[in-house]
Amino acid sequence: AQTVTQSQPEMSVQEAETVTLSCTYDTSESDYYLFWYKQPPSRQMILVIRQEAYKQQNATENRFSVNFQKAAKSFSLKISDSQLGDAAMYFCARAGTASKLTFGTGTRLQVTL
Amino acid sequence: EPEVTQTPSHQVTQMGQEVILRCVPISNHLYFYWYRQILGQKVEFLVSFYNNEISEKSEIFDDQFSVERPDGSNFTLKIRSTKLEDSAMYFCASIRHRDFSYEQYFGPGTRLTVT
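First to last, the sequence lines map onto chains H and Z. Going left to right, the first sequence walks through residues 1 to 113 as the working numbering numbers them. Going left to right, the second sequence walks through residues 1001 to 1115 as the working numbering numbers them.
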């Protein structure tokens, strides 16, 4: 099975600090894509960042960056300068050649003052 | 900016009733998906649809479920006889190409409550 594992059900970070959310995955494919989605209380799924597996360079989007370790099948999300609006559920997801998304179980991020 | 829309935002139905959830994907997108999220759980793939036919479905997508693109714009998910366990958030998504350099766009979801 092509699984995605998020081992941290909940994380907490102080405003302006940095937090890292972990994700590991299992795949037999060589060509695939990895994503982090944010789900606020509205339950809308919002794409935060994506990484193509064939690219060695880690993706970055403003305060969000990833640490992609292909050999270890690890894909962590780093949020710098955390803001109150970052509080949400964060889902790691993988898509292979079949293009459907396989999601992890999510990490609930709390941001405190 | 183009977006995926879904109606209704919330549907309440009685067990055994049929429901149809509607989605309007982005107009030039070619691949369409339905996902389900039971409250407090992860998002699960239900079905993908391309060229007017199902390209892949999960084991959740049994004979009670069907999908249709009746008029070239709407993409519907029908549940023939709802069960309590069908209560969930249902998301529609679409992409333009199979190449995932293009983002999979999600709609806002339909919350289905079966009583």
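Even for Gly, the Cβ is constructed at its ideal location relative to N, Cα and C.
For M89 (chain H), is the beta carbon positioned less than 7 Å from some heavy atom of the ligand FAD?
Questions concerning the ligand FAD fall outside what the structure shown contains, since it holds no ligand whatsoever.
Would you list, in sequence order, the uninterrupted beta strand (DSSP E) runs of no fewer than 3 residues that lie entirely inside the segment 53-98 of chain H?
64-69, 74-79, 88-95
In chain order, what residues of the same chain have a beta carbon less than 6 Å from the beta carbon of E10 (chain H), not counting five sequence neighbours either side?
R108
Using only the alpha-carbon positions, how far apart do E1059 (chain Z) and Y32 (chain H) sit?
22 Å
Anything in chain Z within Cβ reach of T102 (chain H), meaning under 8 Å, just list it in chain order.
F1045
Hey, how far is the Cα of K100 (chain H) from the Cα of S12 (chain H)?
30 Å
Quick check on L1084 (chain Z): does DSSP put it in helix, strand or coil?
helix
Among Z:Y1031, Z:Q1037, Z:S1081, Z:S1009, which residue has its Cα nearest to the Cα of M1015 (chain Z)?
For the options Z:Y1031, Z:Q1037, Z:S1081, Z:S1009, the alpha carbon positioned closest to that of M1015 (chain Z) is the one of Z:S1081.
Can you check whether the C-beta of F1091 (chain Z) is within less than 8 Å of a C-beta belonging to chain H?
yes
Enumerate in chain order the residues of its own chain whose CB-to-CB distance from E1068 (chain Z) is below 6 Å, with the five nearest sequence positions on each side excluded.
T1076
Distance check for W36 (chain H) and G96 (chain H), CA to CA, integer angstroms please.
15 Å
With a Cβ-Cβ cutoff of 8 Å, do F68 (chain H) and V48 (chain H) count as a contact?
no
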